[in-house]
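Protein chains in written order, with this note's numbering: chain A, 14 to 340; chain B, 8 to 295; chain C, 29 to 285. This report refers to the structure that appears directly beneath it.
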Amino acid sequence: MNRIGGKWIILAIMVIAVIVPQVVTNKYYMNILIMSGIWSIVALSLNLILGYTGQVNLAHGAFFGIGAYASALMMLKLNMNFWLALPLAAAIAGFFGFLIGLPALRTRGSYFAIGTLCFNIIVTLIVDRWEGLTEGARGLMGIPGPSPIPLPWGGEITFKTMATQYYLVLGFLLLTIFVLRRIIQSLVGRTFRAIRGNEELAEAVGIHAMRTKLLSFTVSCFFAGVGGVLYASYIGFLSPEITDYHVSFDALIYIMIGGVGTMAGPIIGTLLFVTIPETLHIAAEFRLLLYGLILIVMIIYLPRGIVGWVKDLRGRKGKQEVSWEQS
Amino acid sequence: MMVLFFQQLVNGIMLGAAYSLVALGLTLIYGILHIPNFAHGHKYMWAAFTSLFLVVNFHTNYWVSLLIAMVVLGLAGAGVERLVYRPLRNVPHINSFIAAIGLLLALESLSLIFWGADFRRFPTLYDKPIHIFGVAITLQRLLVIVGAALFIILLQIFIKRTWLGATIEAVAQNPEGAQLVGISIDRVSSLTFGIGTALAAAAATLIAPIFLVYPTMGSMPNLKAFVVIIIGGMGSIPGAVIGGVMLGLIEALGGGYISTDYKDLFAFGALVTFLTLRPMGLFGKGVR
Amino acid sequence: MGAILTVQGLTRFFGGLAAVMDLSFEVQSGEILSLIGPNGAGKTTVFNLITGTLLPTQGKVLFQDHEITGSRPYETTVLGVARTFQTTSLFYDETVVDNLIVGYRCRTRMGFWDALFQTGRSREDERRCRQKAEEILEFIGLRERGAELARNIPQESQKRLAIALALVTEPKLLLLDEPVGGLTEEENISMMALIQKVQTRGISILLIEHKMKVVMNISDRIVVLNYGQKIAEGSPQEVGRNSAVIEAYLGAGYSET
């Protein structure tokens, strides 16, 4: 947003976000907000490879899970400190992203989608069956939260209350937004968009498609891992379901509804889908039905999501079109 | 030892026949419309529930309920094409893929709402095993193999020998040309979707008595069907058959000799291998 | 000066069909060489073989005396060979100027970490990209349209933008595939002027075109293809009188505009 009005809106949102825990004390709602924060990180990271680079990655849940399990295992079995485990686990997730990307990104469009989906299933299967490493279906319990940070003037910041955990997640969310925004607005981000627009043309203007896609994919998986670590540490318990491809589908839905290929879209989509169903207490099956129907309607009539719709209302003429990687 | 091998071989062929039959409808739809119909497995699931419902509640003859399921699902498939996929015909195919994900979620949740999450048995008259050369196989499983072969042959005859089949092939090979000679792309799309879904319905009714019937039963066959058509080549009918049998054998032999725990892994491992080395599949067209 | 591009014995089969057969020719440095021939003569295939979109079955491509046969398109572009496509290819969802900014990316050095930490190098590179984009916009005559979306500008401007996109990569050789396809008589003339303006910058040009008037007017030399093989080569006058050429065209029919 480069209008002055836009800057004030962002500032207002930031202020509200910071004040919230002082006003909202209800644990139930705080929990929803914290989970929204974590899922926003997941959605934003997926948007990098999917929205900005145009590759429909359906393995995001796997990388989220890898980050979660890696950090949990390091903290539980190696007695590692959260603050060390987090970047390491995220790096592991990013590394796996790189490894998987090498073969997977040689495919495109639907092939890439299916291939990544199958990879996700493989990961879930392994996490479920390799009980020696992951405790399998029993799950990992007692995952510690972040250890206290000593303050230079004495005392320390602990992360026992909802409020402090909220600020922790908010902090990482802001960091994620900051990093992703920097990348997207740079020349590197422009090459991502070039791949999305027309991969063959991008190569014709000297862009190394494979390297570019791999970079986007790796960074995306890194931040999925960050989300995973925050989840593991907050919930304290992990089971193989969190690596399941339904996590990938959820992230996809949040992005598509909120607005693919925008910074605000994934956050808006996540907020809508995490807060509203919780507050309305809809049964799981009906929620799923709603998600499915909304996704169908959105992809046909509003493929650029809510943010895209608002942008069009504000003045950019032209039909709603999504530029994907052509297959 | 040899008996074990033949047992696994027969299992593999039966699995392969099942996968081929499910993949057949999928490859037909992809070959003509270039839509990866990711909700295929969930239509398969609804077909199973439909025939189960008829057999259990109305005591319909098994074969009659198979036919009814084919018709009902065929019509539903055509309807879905009209409502969901046709508006997306002129945008990148990946949008159809996402719509299919939405459809998949809707179908699964509707099934949970209607039928509940319980696993149900499909009663059948054909569950007595017969023995051939020391290998045990139930009649139902034999029916799957025979049924798959029958439908493959029927499909080939339909495509090559009937006028309707010819219009489908025309649209597959040259949509603009087909339109010029007066073929309605809309009608052919609906027809193709209808036939593809009906084939899935046939597969479901044949296979359901062997396994259980439940709302998420379609997810694995869906993914395996996609593995099959990627191995065989998207849009190729012989590819679907050969790919299906290959996959069935890989799973049966891998599961039998290496590990049952990780048997699903073989299917997806095969997929990843093919995507990396030969993404166009055995019978697909190449690039560069 | 010498040949900037040499094609030797270039052959490409598709199944049993030879799209290009034993083709050899040179593009002299600084000239405009046109590649003509009836439809299906294999001209775009030749472009694809030069840039690396397709691998030749046989034969060599040399650019500035270095072999580039089988290099990938992004490699040949960095070496200095740029192209346009028969169906105008642009980044339609980006603005005109954004199209060109990303086109200059291949001449910058910044990487991921530069972007993350907004290093001096990243800011310098972005400045250079923007500067180069504006310069090419000015050159191509699209400065007023800079902020418009590529999909919204008129067809003739889109064709100019496609050429601009190739130019912004700082090529030494420009491959133009039917630059006046679908344009009116007036637009042909301004496009021809543009192509000649590109030549004055020292860029060699290899051109595919059907419109004979344009080809005859603008080319220094012409190579004629039929069924993937060279049937004539020479100045426009020579080629115009060549009986094999006339026969090839009378059979297939061609556009005189």
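Glycine included, each C-beta is placed from N, C-alpha and C at the ideal position.
Any chain C beta carbon closer than 7 Å to residue i
{"i": "G64 of chain A", "result": "no"}
{"i": "R203 of chain A", "result": "yes"}
{"i": "K20 of chain A", "result": "no"}
{"i": "S84 of chain A", "result": "no"}
{"i": "R195 of chain A", "result": "yes"}
Local Cβ density within 10 Å of residue i, reported as buried at 16 or more and exposed below that
{"i": "P43 of chain B", "result": "buried"}
{"i": "Q224 of chain C", "result": "exposed"}
{"i": "L200 of chain A", "result": "buried"}
{"i": "I32 of chain A", "result": "exposed"}
{"i": "S263 of chain C", "result": "exposed"}
{"i": "M241 of chain B", "result": "buried"}
{"i": "A24 of chain B", "result": "buried"}
{"i": "A276 of chain C", "result": "buried"}
{"i": "T189 of chain A", "result": "buried"}
{"i": "N73 of chain A", "result": "The sequence shown places His at residue 73 of chain A, rather than the Asn named in the question. It is buried - the Cβ of H73 of chain A has at least 16 other Cβ atoms within 10 Å."}
{"i": "Q15 of chain B", "result": "buried"}
{"i": "Q159 of chain C", "result": "exposed"}
Residues that residue i contacts on chain C, provided the C-beta gap is smaller than 7 Å
{"i": "N211 of chain A", "result": "S117 and F119"}
{"i": "I220 of chain A", "result": "Y102, R133 and C134"}
Amino acids of chain B, ordered along the chain, whose beta-carbon sits closer than 9 Å to that of residue i
{"i": "G305 of chain A", "result": "I108, G109, L110, L111, L112, A113, L114, E115, S116 and L117"}
Inter-residue Cα distance where the pair is residue i and residue j
{"i": "S117 of chain C", "j": "I129 of chain C", "result": "16 Å"}
{"i": "I191 of chain C", "j": "V208 of chain C", "result": "11 Å"}
{"i": "V28 of chain A", "j": "I22 of chain A", "result": "10 Å"}
{"i": "N92 of chain A", "j": "N102 of chain B", "result": "46 Å"}
{"i": "R156 of chain C", "j": "M138 of chain C", "result": "12 Å"}
{"i": "Y65 of chain A", "j": "G107 of chain A", "result": "18 Å"}
{"i": "Y92 of chain B", "j": "G67 of chain A", "result": "21 Å"}
{"i": "I319 of chain A", "j": "I289 of chain A", "result": "16 Å"}
{"i": "F230 of chain A", "j": "A222 of chain A", "result": "12 Å"}
{"i": "A46 of chain B", "j": "F167 of chain C", "result": "52 Å"}
{"i": "L35 of chain B", "j": "A205 of chain B", "result": "11 Å"}
{"i": "M14 of chain A", "j": "N180 of chain C", "result": "In this predicted model, M14 of chain A has a pLDDT of only 44, less than 50, meaning its place in the structure is not dependable enough to derive any value."}
{"i": "L24 of chain A", "j": "F191 of chain A", "result": "14 Å"}
{"i": "G240 of chain A", "j": "L99 of chain A", "result": "10 Å"}
{"i": "A117 of chain A", "j": "T129 of chain A", "result": "7 Å"}
{"i": "F126 of chain B", "j": "Q35 of chain A", "result": "48 Å"}
{"i": "I248 of chain A", "j": "I156 of chain A", "result": "8 Å"}
{"i": "F95 of chain A", "j": "I265 of chain B", "result": "39 Å"}
{"i": "E183 of chain B", "j": "S185 of chain C", "result": "29 Å"}
{"i": "Y124 of chain A", "j": "L282 of chain B", "result": "8 Å"}
{"i": "T212 of chain C", "j": "K239 of chain C", "result": "11 Å"}
{"i": "T212 of chain B", "j": "T97 of chain C", "result": "56 Å"}
Partner residues on chain A for residue i, Cβ-Cβ distance less than 8 Å
{"i": "I105 of chain B", "result": "V69, L265, M269, L308 and I312"}
{"i": "M220 of chain C", "result": "Neighbours of M220 of chain C on chain A: none; closest Cβ ~23 Å, over 8 Å."}
{"i": "F75 of chain C", "result": "The contacting residues do not exist; F75 of chain C stays about 11 Å from chain A at best."}
{"i": "D153 of chain C", "result": "L200"}
{"i": "T197 of chain C", "result": "V218 and G219"}
{"i": "L95 of chain B", "result": "I312 and I313"}
Short CB-CB distance (under 7 Å) between residue i and chain B
{"i": "L112 of chain A", "result": "no"}
{"i": "G145 of chain A", "result": "no"}
{"i": "T283 of chain A", "result": "no"}
{"i": "C234 of chain A", "result": "no"}
{"i": "T120 of chain A", "result": "yes"}
Contact list for residue i against chain A, beta-carbon separation under 7 Å
{"i": "E176 of chain C", "result": "Ordered by position in chain A, no residue passes the 7 Å Cβ test against E176 of chain C, which lies about 11 Å from the chain."}
{"i": "L31 of chain B", "result": "Neighbours of L31 of chain B on chain A: none; closest Cβ ~18 Å, over 7 Å."}
CB of residue i within 7 Å of CB of residue j, strictly
{"i": "G19 of chain B", "j": "G246 of chain B", "result": "no"}
{"i": "F41 of chain C", "j": "L203 of chain C", "result": "no"}
{"i": "Q114 of chain C", "j": "T81 of chain C", "result": "no"}
{"i": "L278 of chain B", "j": "I236 of chain B", "result": "no"}
{"i": "Y244 of chain A", "j": "I47 of chain A", "result": "no"}
{"i": "T256 of chain A", "j": "A83 of chain A", "result": "no"}
Test: residue i CB closer than 7 Å to a CB of chain A
{"i": "F275 of chain B", "result": "yes"}
{"i": "R133 of chain C", "result": "yes"}
{"i": "L33 of chain C", "result": "no"}
{"i": "V267 of chain C", "result": "no"}
Residue i Cβ short of 6 Å to the ligand ADP heavy atom set
{"i": "V220 of chain B", "result": "Absence of the ligand ADP is noted for the structure shown, with no ligands found whatsoever."}
Partners in chain C for residue i, counting only beta-carbon separations shorter than 9 Å
{"i": "R206 of chain A", "result": "F119, D121, E122, D126 and V130"}
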